[in-house]
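S.K.: Protein sequences appear in the order of chains A and B. Going left to right, the first sequence walks through residues 1 to 307 as our numbering numbers them. Going left to right, the second sequence walks through residues 1 to 253 as our numbering numbers them. Glycine residues also receive a C-beta, built at the ideal position from the N, C-alpha and C atoms. Bear in mind the structure is a predicted one, so any value in this text is a computation, not a measurement.
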Amino acid sequence: MSTIISVSNLSKVYGSGFRALNKINLDIRRGEIFALLGPNGAGKTTLISIVCGIANPSEGSVSVNGHDIIKSYRAARAMIGLVPQELHTDSFETVWATVSFSRGLFGKPKNPAHIEKVLKDLSLWEKKDSKIITLSGGMKRRVMIAKALSHEPQILFLDEPTAGVDVELRKGMWEVVRTLRDAGVTIILTTHYIEEAEEMADRIGVINKGEIVLVEDKAKLMEKLGRKQLKLHLAHKIDAIPPALAPYHLVLSEGGTELIYDYDTAGERTGITSLLGDLRNAGIRFSDLETSQSSLEDIFVSLVRQV
Amino acid sequence: MNYRAIRAIYLFEMARTWRTLLQSIVSPVVSTSLYFVVFGAAIGSRITEVEGVSYGTFIVPGLVMLSVLTQSIANASFGIYFPKFVGTIYEILSAPISYFEIIIGYVGAAATKSIILGLIIMATAGLFVPLHINHPIWMLTFLVLTAVTFSLFGFIIGIWADGFEKLQMIPMLVVTPLTFLGGSFYSVNMLPSGWRTITLLNPVVYLISGFRWSFYGIADVGVGLSLGMTLGFLATCLAIVWWIFRTGYRLKH
Ligand SMILES: Nc1ncnc2c1ncn2[C@@H]1O[C@H](COP(=O)(O)OP(=O)(O)O)[C@@H](O)[C@H]1O
Ligand SMILES: [Mg+2]
Chain A
1 MSTIISVSNL SKVYGSGFRA LNKINLDIRR GEIFALLGPN GAGKTTLISI
51 VCGIANPSEG SVSVNGHDII KSYRAARAMI GLVPQELHTD SFETVWATVS
101 FSRGLFGKPK NPAHIEKVLK DLSLWEKKDS KIITLSGGMK RRVMIAKALS
151 HEPQILFLDE PTAGVDVELR KGMWEVVRTL RDAGVTIILT THYIEEAEEM
201 ADRIGVINKG EIVLVEDKAK LMEKLGRKQL KLHLAHKIDA IPPALAPYHL
251 VLSEGGTELI YDYDTAGERT GITSLLGDLR NAGIRFSDLE TSQSSLEDIF
301 VSLVRQV
Chain B
1 MNYRAIRAIY LFEMARTWRT LLQSIVSPVV STSLYFVVFG AAIGSRITEV
51 EGVSYGTFIV PGLVMLSVLT QSIANASFGI YFPKFVGTIY EILSAPISYF
101 EIIIGYVGAA ATKSIILGLI IMATAGLFVP LHINHPIWML TFLVLTAVTF
151 SLFGFIIGIW ADGFEKLQMI PMLVVTPLTF LGGSFYSVNM LPSGWRTITL
201 LNPVVYLISG FRWSFYGIAD VGVGLSLGMT LGFLATCLAI VWWIFRTGYR
251 LKH
C-alpha cells in the first residue's frame with residue numbers, strides 16, 4: 001500500500017516553550033482508517049493542526065500525497081477535509097450556506113447535488129435552511145463534518161469526532177466513515193474511546209507526551225500484546241500454590257479459591273494442557289474455568305504507563 | 001489564484017452586511033443626517049461660507065470621509081476578528097488559499113460596503129444641500145483608496161485584537177478624534193497658525209482635503225500631497241499585513 005501522508009522528524013514547540021511534539025515520524029497509508037490514540041495532552045490535536053496548516057511546525061516536514069505542506073500548501077490542503085475537536089460554527093448562516101461556503105473556499109466549482117448527498121448522508125437534509133444557531137450540539141458536529149466533506153477530500157481528519165455525541169449519532173457517523181473508506185478516502189481519527197479504535201481502525205498509532213509510542217495493524221497489535229487469562233474456580237480452598245506449579249507463575253486469589261494463569265496467545269504453546277495435568281497431579285480440582293482476552297484498553301494503559 | 005475562495009469569502013462577508021442591513025447602512029445615514037441638522041443648521045447660520053462654498057455644502061466630503069473611515073475599520077476589523085473569536089478561522093487557515101486571497105476577500109468586502117455607504121451618504125446629503133462634484137473620477141479614486149486603506153487598517157486591528165475592548169479602542173481613541181480634528185467640519189486655514197501646524201501632523205487632514213478638492217476644487221493642502229499621503233498609508237498597511245502573514249502573528253501558533 002502506498003503512503004499518502006508522510007510525517008518526518010516533526011517537532012512542535014509552542015510559544016510558551018512547551019514541546020508538544022518531539023521528532024514524530026509517521027506514515028499514513030492510502031485508503032486506511034488510522035486511529036491516533038493517546039491521553040489528553042498527548043499532542044494529537046497539535047499534530048493534526050500542523051498537517052492541516054493551522055499551526056506551524058517548529059522542525060521537520062510533512063508531505064501529503066507528495067506535496068510538502070508548506071511549499072505546496074495549495075495542493076496539499078486541497079486534498080484534506082478537517083473536522084476539528086472543538087465545535088466551531090457560524091451562527092446566523094444556514095446549513096446549506098455554510099456547507100456551500102466551505103466548498104467554495106476549497107476552490108471547487110458549485111455542485112448542489114454533492115452537497116445534497118452529503119447533507120442527506122448526515123441526516124441534515126431537513127435542516128438545510130435552518131440557521132446553525134438553532135441546531136443541537138450533535139447536529140452542529142454533523143454540520144462540521146458536512147463542511148469537511150463538501151469539497152470531496154481524499155483525506156479526512158476527525159479529531160475526537162464522537163466526544164459528547166450520543167450513541168445513535170455515533171453509529172450513524174461510523175457508517176458514514178465506513179462508506180467514505182469504501183470510496184477510497186483515507187481517514188485519520190483521534191479518539192479517547194478505545195472501543196472505537198478497536199471497532200473502526202485498520203491501524204492504530206499510540207501517542208504519548210508528544211512521541212509516537214507504537215504504530216501497528218490493529219489485528220497484529222491485539223495479537224502481539226493481547227494476553228489471555230485463564231481463571232480456575234477451585235473446588236476447595238487452598239492456602240498456597242504447590243511448588244510443583246511454580247513454573248506457571250500462577251496467582252492465587254485472596255480467598256484462596258481462584259487460580260489465575262496468564263498466557264500468550266501468540267506463543268507456540270499456551271501451556272494449558274500441561275497446567276491442567278500438573279494440577280490434577282497436585283490434587284487440585286476445579287469446579288469451573290473461564291478465559292478472558294485483554295482489550296485494547298488494557299494494552300493502551302500498559303503502554304502509556306511504561307513510558 | 002483561488003478565485004472561488006475569494007468569491008466565497010467576499011460573498012460571505014457581504015451576506016453578513018445584508019443581514020445586518022439596519023446597523024450597517026441605516027444607522028450611519030441617520031447619524032449623518034443628524035450632523036447636518038446640528039452642524040449644518042446651527043453652525044451654518046453663523047458661518048455662511050467657507051472659501052466660497054456654503055457651510056452645509058462644505059462639510060459634505062468631510063462627513064462622507066468620517067463615515068467611510070470609521071465604517072471601513074469597523075467592518076474589516078470585525079470581519080476577521082469574529083472568526084478568530086468563535087474559532088471558525090480554522091477553516092480559512094486550512095483551506096488552499098493564500099494570504100493575499102484572504103485579504104482580497106475580507107478587505108474587498110469591507111471596502112465595498114463602505115464605498116456603498118459613502119455614496120448613500122452623499123445622496124442623503126444631496127437632499128439637504130446642493131452638491132456638485134468637479135472631478136468625479138478623482139472623487140471615486142479618493143473614495144476607493146480611502147476605503148481600501150482603512151479596511152486594511154481595520155483588518156490589522158482585527159488580527160491584533162484579542163478582546164472586544166481592543167477592537168473598539170483604536171477606532172474610538174485614535175481614529176474618531178483624528179477625523180473630527182482632521183478638518184471634517186472646518187477648513188484648516190480657519191485655524192490659528194499654531195494649531196494649523198499641529199493639525200498638519202494629522203494624516204486624516206490629507207484624506208479629507210484631497211476628497212474635498214475633488215468636489216469643489218478647494219483644498220487645505222496640495223492634491224498631490226493628499227494622494228501621496230493616502231498611498232503612503234496604504235503602503236504602510238500592506239507592509240504590516242505582509243509581515244503578519246509571513247510570521248503568522250496572532251493567527252497561527
Ligand atoms: N496554543 C498552545 N500553547 C501552548 N501549549 C499548547 C497550546 N496548544 C496545546 N498546547 C499543549 O500541548 C500539549 C498537546 O496538546 P494537544 O495537541 O491539544 O493534545 P491532545 O489533542 O492530544 O489532547 C498539551 O499539553 C497542551 O497543553
Ligand atoms: Mg485534542
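Would you mind stating whether A:F157 and A:L47 have Cβ atoms separated by less than 7 Å?
M.R.: Contact flag unset, no.
S.K.: Taking DSSP's pairing of strands, which residues face B:Y186 in a bridge?
M.R.: None, per the DSSP bridge assignment.
S.K.: For B:F233, write down the residues that DSSP places opposite it in a beta bridge.
M.R.: None, per the DSSP bridge assignment.
S.K.: If we count the other Cβ atoms within 10 Å of its Cβ and call it buried at 16 or more, is B:E13 buried or exposed?
M.R.: It counts as buried.
S.K.: Expressed to the nearest angstrom, what Euclidean distance is found between the alpha-carbon atoms of A:Y263 and A:E216?
M.R.: Between A:Y263 and A:E216, the C-alpha separation is close to 21 Å.
S.K.: What do you reckon, are the CB atoms on B:S226 and B:S209 nearer than 7 Å?
M.R.: Closer than 7 Å, so yes.
S.K.: Residues of chain B with CB closer than 7 Å to the CB of A:I54, please, in chain order.
M.R.: Going along chain B in sequence order, the residues near A:I54 (Cβ under 7 Å) are Y90, L93, S94, K252.
S.K.: Looking at the C-beta of B:N2, does it have a partner C-beta in chain A at a distance below 7 Å?
M.R.: At least one chain A Cβ lies under 7 Å of B:N2.
S.K.: List, in order along the chain, the chain B residues whose C-beta lies closer than 9 Å to that of A:H88?
M.R.: Result: P83, V86, G87, T88, I89, Y90, E91.
S.K.: Hey, would you say A:V95 sits closer than 7 Å to A:L124, going by beta carbons?
M.R.: Yes, the pair counts as a contact, with Cβ atoms nearer than the cut-off.
S.K.: If we ignore side chains and look at the alpha-carbon of each, how far apart do B:S98 and A:P109 end up?
M.R.: Distance between the alpha carbons of B:S98 and A:P109: 18 Å.
S.K.: State yes or no: is the C-beta of A:F18 nearer than 6 Å to some heavy atom of ligand 1?
M.R.: Flag set: Cβ of A:F18 near ligand 1.
S.K.: What is the chain-ordered set of residues for which the beta carbon lies under 7 Å from any non-hydrogen atom of ligand 2?
M.R.: With the cut-off at 7 Å, the residues found are A:K44, A:T45, A:Q85, A:D159, A:E160, A:T190.
S.K.: Would you say A:G184 lies against chain B (beta-carbon separation less than 7 Å)?
M.R.: Not an interface residue.
S.K.: What's the gap between the Cα of A:D121 and the Cα of A:N111?
M.R.: Roughly 16 Å between the two C-alpha positions.
S.K.: Say yes only if the C-beta of A:Y14 is nearer than 6 Å to one or more non-hydrogen atoms of ligand 1, and no if none qualify.
M.R.: Flag set: Cβ of A:Y14 near ligand 1.
S.K.: With distances taken from CA atoms, which of B:V26, B:G62, B:R46, B:S45 is nearest B:R212?
M.R.: Ranking the options by Cα distance to B:R212, first place goes to B:G62.
S.K.: Spell out the partners DSSP gives A:Y261 in its beta bridges.
M.R.: Per DSSP, A:L230.
S.K.: Look at the alpha carbon of A:I272 and the alpha carbon of A:A282, and state the distance between them as a whole number of angstroms.
M.R.: Going by the C-alpha atoms only, they are around 15 Å apart.
S.K.: Ordered along the chain, which non-local residues of its own chain (more than five positions away) have a Cβ less than 6 Å from that of B:G158?
M.R.: S77, I80, Y81.
S.K.: Quick one: does the C-beta of A:N40 sit closer than 6 Å to a heavy atom of ligand 1?
M.R.: A:N40: yes, Cβ under 6 Å from ligand 1.
S.K.: DSSP state of A:V7, grouped into three classes?
M.R.: Here A:V7 sits in strand by DSSP.
S.K.: With a Cβ-Cβ cutoff of 7 Å, do A:R285 and A:A235 count as a contact?
M.R.: Closer than 7 Å, so yes.
S.K.: Strictly below 8 Å CB to CB, what residues from chain B border A:A146?
M.R.: Those within 8 Å of A:A146 in chain B number zero; the least Cβ separation is about 12 Å.
S.K.: Any idea what DSSP makes of A:D278, helix, strand or coil?
M.R.: Three-state DSSP puts A:D278 in a helix.
S.K.: Is the separation between the beta-carbon of A:H289 and that of A:Y261 shorter than 7 Å?
M.R.: According to the sequence displayed, residue 289 of chain A carries Leu and not His. In this structure, A:Y261 does not lie closer than 7 Å to A:L289 by Cβ.
S.K.: Of all the alpha helix (DSSP H) runs that stay within the bounds of the stretch 39 to 100 of chain B, which reach a length of 4 or more residues?
M.R.: Correct list: 55 to 58, 60 to 86, 89 to 94.
S.K.: For A:R203, which three-state DSSP category applies?
M.R.: Of the three classes helix, strand and coil, the one that applies to A:R203 here is strand, per DSSP.
S.K.: Check whether the Cβ of A:H88 sits closer than 6 Å to any heavy atom of ligand 1, and report yes or no.
M.R.: Checking the Cβ of A:H88 against ligand 1 gives no.
S.K.: Using DSSP with H/G/I as helix, E/B as strand and the rest coil, what is B:V129?
M.R.: Correct three-state label for B:V129: coil.
S.K.: By how many angstroms is the C-alpha of B:Y90 removed from the C-alpha of A:F106?
M.R.: So the alpha carbons of these two residues sit roughly 13 Å apart.
S.K.: Select from B:M172, B:L117, B:L131 the residue whose C-alpha is nearest the C-alpha of B:S27.
M.R.: For the residues B:M172, B:L117, B:L131, the minimum Cα distance to B:S27 belongs to B:L117.
S.K.: To the nearest angstrom, report how far apart A:G15 and A:I54 are at their CA atoms.
M.R.: Cα-Cα distance, rounded: 15 Å.
S.K.: Is it right to say B:R19 is buried, meaning 16 or more other beta carbons lie within 10 angstroms of its own, or is it exposed?
M.R.: Under this definition B:R19 is an exposed residue.
S.K.: Just to make sure I have the definition right: I need the residues of chain B whose C-beta is within less than 8 Å of the C-beta of A:A163. Which are they?
M.R.: Those do not exist, as A:A163 stays about 15 Å from chain B at its closest Cβ, beyond 8 Å.
S.K.: Please classify A:G60: does DSSP put it in a helix, a strand, or coil?
M.R.: Residue state, collapsed to three classes: strand.
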